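Participant:
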DNA sequence: GATTCATATGAATCGCGGTTCATATGATTG
DNA sequence: CAATCATATGAACCGCGATTCATATGAATC
């Protein structure tokens, strides 16, 4: 957790530091990020950096926390309210659409998230074991989907959850990635859903057999 | 490219170096791998390391090349022969099965590959731009699948190729990963295929409408 | 046996980057 | 004004890890 001095800073300056950190962390792994680069970009002396933070990891954890808050705020806004009302595919659509929008609006935050995700050791250090992973979340709504009769009861929920997570991840990469495949709107989400839906939907229940 | 001295080494010693390098590179990113650790594990002095290689990257590129060769050899063995005979889904099954087997047999090589894949800059340095990516490969067989009437003509081949690549990637992670989801055999492959097939298969063509 | 060539060895060098430290500045308090 | 905080500053320190170098070893050649 950053020191008091950091939170006592004038908003503008504090914002500059956060901005610089995001810029630098988005460029590569945690290890590759340089404190001096952050200080330079933020226009503060290195010495000040250690006036504000315990060390590099302190700042990193703080940034990750900001990202998580940002994302949770958006998820709350986008979905939680409708959670009960929606059927599985509608809900899944909201999840992906939300993730898509987030990635589109905050490509750097997504880059940071992906890079943390790839560093399991750091990931656990930052989040501990207690956090509900993305896969757990999917598994939960899949279970509900099966119970409600929306999904083919034959599927393996844990496995499908993993795949949906992977696809969510792929979505992020497609959006923020090298952009060979530039897709506006939520077209991607619908394409993805169309693909998924016909794969795991319980057709027998949805329309009387076939 | 390693120096002659390296190739002049007695097989056993050369093998030890390769083994040590794989071990170390599999543990983290290229940047995180330590020359001294490799030398130690291989039981050679650091000085000797530079007798054999220009630098760390020289060895790394060599290892990547070995991995690529290993993988290509397997793909050739598993598929190329049947490429023409097979329909799309049969072919896709072979691709995934091959990837699955490779991941199962060479988890460390997969770890190295994944980590390189996550470092775009290094990736391009190692492969240049000319190499056919995984997505290109999928796109090719998808195009063939559409032409042959196996696939829904409405799909976007580039997009589906990206997703199949992502799933292939997910497969690798599931297999070599933390193993929460331990699946033997090729069960995973079939589950995955079942999921995919019903999503993109041209049902109108496969069985007369519905 | 002397010379040459190929290789081995590990201590020394060197640069990079995180962190610390000694010193300054400037506001607030008595 | 003196004294005490809180914060600012950037040069110095320090460890790590890649790479180099001076020196040894030992086989092959003359």
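Chains as they are written, first to last, in our numbering: chain A, 1 to 210; chain B, 1001 to 1210. Ideal placement from N, C-alpha and C gives every residue a C-beta, glycine not left out. From a predicted model like this one, the values you see are computed outputs, not experimental measurements.
1) Given that residue 1174 (chain B) touches chain A, what residues does it touch there, using C-beta distances under 7 Å?
2) Report the neighbours of residue 1192 (chain B) on chain A: residues whose CB is nearer than 9 Å to its CB, in chain order.
3) Evaluate residue 36 (chain A) with the Cβ neighbour count: other Cβ atoms within 10 Å of its Cβ, from every protein chain shown; 16 or more gives buried, anything less gives exposed.
4) Nearest to residue 1174 (chain B) by CA position, among B:1120, B:1134, B:1104, B:1197, is which residue?
5) Evaluate residue 1007 (chain B) with the Cβ neighbour count: other Cβ atoms within 10 Å of its Cβ, from every protein chain shown; 16 or more gives buried, anything less gives exposed.
6) Note down, in chain order, each residue of its chain lying with its Cβ closer than 6 Å to the Cβ of residue 1199 (chain B), except the 5 sequence neighbours on either side.
7) Anything in the stretch 103-134 of chain A with a Cβ closer than 7 Å to a Cβ of chain B? List those residues in chain order, please.
8) What is the DSSP secondary structure of residue 59 (chain A), reduced to helix, strand or coil?
9) Under 8 Å between beta-carbons, which chain A residues line up against residue 1032 (chain B)? List them in chain order, please.
10) Rounded to whole angstroms, what is the Cα-Cα separation between residue 13 (chain A) and residue 42 (chain A)?
11) Taking its Cβ as the centre, do 16 or more other Cβ atoms sit within 10 Å of residue 1057 (chain B), making it buried, or is it exposed?
12) May I ask which residues mark the beginning and end of the alpha helix (DSSP H) holding residue 30 (chain A)?
13) Just to check my reading of the structure: residue 109 (chain A) and residue 69 (chain A) have Cβ atoms closer than 8 Å, yes? What is that Cβ distance to the nearest angstrom?
14) Note down, in chain order, every chain A residue with its Cβ under 9 Å from the Cβ of residue 1169 (chain B).
15) Decide yes or no for the touch test of the stretch 1157-1167 of chain B against the stretch 1124-1138 of chain B: beta carbon pairs closer than 8 Å, at least 3 of them.
16) Where does the unbroken alpha helix (DSSP H) through residue 113 (chain A) begin, and where does it stop?
17) Helix, strand or coil, according to DSSP, for residue 194 (chain A) in the structure here?
18) Just the chain B side, please: which residues come within less than 9 Å of residue 92 (chain A) by C-beta, in chain order?
19) If we define contact as Cβ-Cβ less than 8 Å, is residue 8 (chain A) a contact residue for chain B?
20) Near residue 94 (chain A), which residues of its chain fall below 8 Å by C-beta distance, leaving aside the five closest residues on each side in sequence?
21) Roughly how many angstroms lie between the CA atoms of residue 55 (chain A) and residue 2 (chain A), to the nearest whole one?
22) With a Cβ-Cβ cutoff of 8 Å, do residue 171 (chain A) and residue 96 (chain A) count as a contact?
23) Please list the terminal residues of the continuous alpha helix (DSSP H) segment that includes residue 84 (chain A).
24) Do residue 60 (chain A) and residue 30 (chain A) have their C-beta atoms closer together than 8 Å?
25) Is it true that the CB of residue 114 (chain A) sits closer than 8 Å to the CB of residue 122 (chain A)?
26) Distance, Cα to Cα, residue 220 (chain A) vs residue 84 (chain A)?
Facilitator: From the atom records:
1) Position 174 of the second chain, counting from 1, holds the residue named residue 1174 (chain B). Correct list: 162.
2) By one-based count along the second chain, residue 1192 (chain B) stands at place 192. The contacting residues are 159, 163.
3) If you number the first chain from 1, residue 36 (chain A) lands on position 36. It is exposed - the Cβ of residue 36 (chain A) has fewer than 16 other Cβ atoms within 10 Å.
4) Here residue 1174 (chain B) is taken as the residue at index 174 of the second chain, counted from 1. For the residues B:1120, B:1134, B:1104, B:1197, the minimum Cα distance to residue 1174 (chain B) belongs to B:1104.
5) Numbered from 1 along the second chain, position 7 holds the residue referred to as residue 1007 (chain B). With a 10 Å radius around the Cβ and a threshold of 16 neighbouring Cβ atoms, residue 1007 (chain B) comes out exposed.
6) Against the second chain, residue 1199 (chain B) aligns to sequence position 199. For residue 1199 (chain B), the pLDDT reaches just 49, beneath the cut-off of 50, and the residue's location in the model is therefore unreliable, leaving the point undetermined.
7) Residues passing the 7 Å Cβ filter: 118.
8) For this step, residue 59 (chain A) is matched to residue 59 along the first chain. When DSSP states are grouped into helix, strand and coil, residue 59 (chain A) belongs to the helix group.
9) Along the second chain, one-based indexing puts residue 1032 (chain B) at 32. The contacting residues are 31.
10) Position 13 of the first chain, counted from the first residue, corresponds to residue 13 (chain A). Position 42 of the first chain, counted from the first residue, corresponds to residue 42 (chain A). Approximately 8 Å between the Cα atoms of the pair.
11) Locating residue 1057 (chain B) in the second chain gives position 57, where the first residue counts as 1. So residue 1057 (chain B) counts as exposed.
12) Walking along the first chain from the start, residue 30 (chain A) turns up at place 30. Neither: residue 30 (chain A) is in no alpha helix (DSSP H) and is coded neither H nor E.
13) In the first chain, counting from the first residue as 1, residue 109 (chain A) sits at position 109. In the first chain, counting from the first residue as 1, residue 69 (chain A) sits at position 69. The Cβ separation is near 11 Å, so there is no contact.
14) Indexing the second chain from 1 puts residue 1169 (chain B) at position 169. In chain order: 166, 169, 170.
15) When Cβ pairs closer than 8 Å are counted between the two stretches, the stretch 1157-1167 of chain B is seen to touch the stretch 1124-1138 of chain B, the count reaching three or more.
16) Here residue 113 (chain A) refers to the residue found at position 113 when the first chain is read from its first residue. Residue 113 (chain A): member of the alpha helix (DSSP H) spanning 107-117, first to last residue.
17) Here residue 194 (chain A) corresponds to residue number 194 of the first chain, with the count starting at 1. For residue 194 (chain A), the three-state secondary structure derived from DSSP is helix.
18) Translated into positions along the first chain, residue 92 (chain A) becomes position 92. Contact of residue 92 (chain A) with chain B by beta-carbon distance below 9 Å is absent, the smallest such distance being about 13 Å.
19) Translated into the one-based positions of the first chain, residue 8 (chain A) becomes position 8. The beta carbon of residue 8 (chain A) sits no closer than 8 Å to any beta carbon of chain B.
20) Residue 94 (chain A) sits at position 94 when you count from the first residue of the first chain. Cβ neighbours of residue 94 (chain A) within its own chain (closer than 8 Å, five residues either side excluded): 78, 79, 82, 86.
21) The count along the first chain starts at 1 and reaches residue 55 (chain A) at position 55. The count along the first chain starts at 1 and reaches residue 2 (chain A) at position 2. In this structure, the straight-line span from the alpha carbon of residue 55 (chain A) to that of residue 2 (chain A) is close to 9 Å.
22) As a position in the first chain, residue 171 (chain A) is number 171, starting the count at 1. As a position in the first chain, residue 96 (chain A) is number 96, starting the count at 1. In this structure, residue 171 (chain A) places its C-beta atom within 8 Å of the C-beta atom of residue 96 (chain A).
23) For the purposes of this step, residue 84 (chain A) is taken as the residue at position 84 of the first chain. Where residue 84 (chain A) is concerned, there is no enclosing alpha helix (DSSP H), given that its DSSP letter is neither H nor E.
24) For the purposes of this step, residue 60 (chain A) is identified with residue 60 of the first chain, where counting begins at 1. For the purposes of this step, residue 30 (chain A) is identified with residue 30 of the first chain, where counting begins at 1. Cβ distance < 8 Å, so residue 60 (chain A) and residue 30 (chain A) count as in contact.
25) Counting from 1 along the first chain, the entry for residue 122 (chain A) is found at position 122. Counting from 1 along the first chain, the entry for residue 114 (chain A) is found at position 114. Contact: no.
26) Summary: the structure shown does not reach residue 220 (chain A), with chain A confined to residues 1 through 210, and so no result is reported for it.
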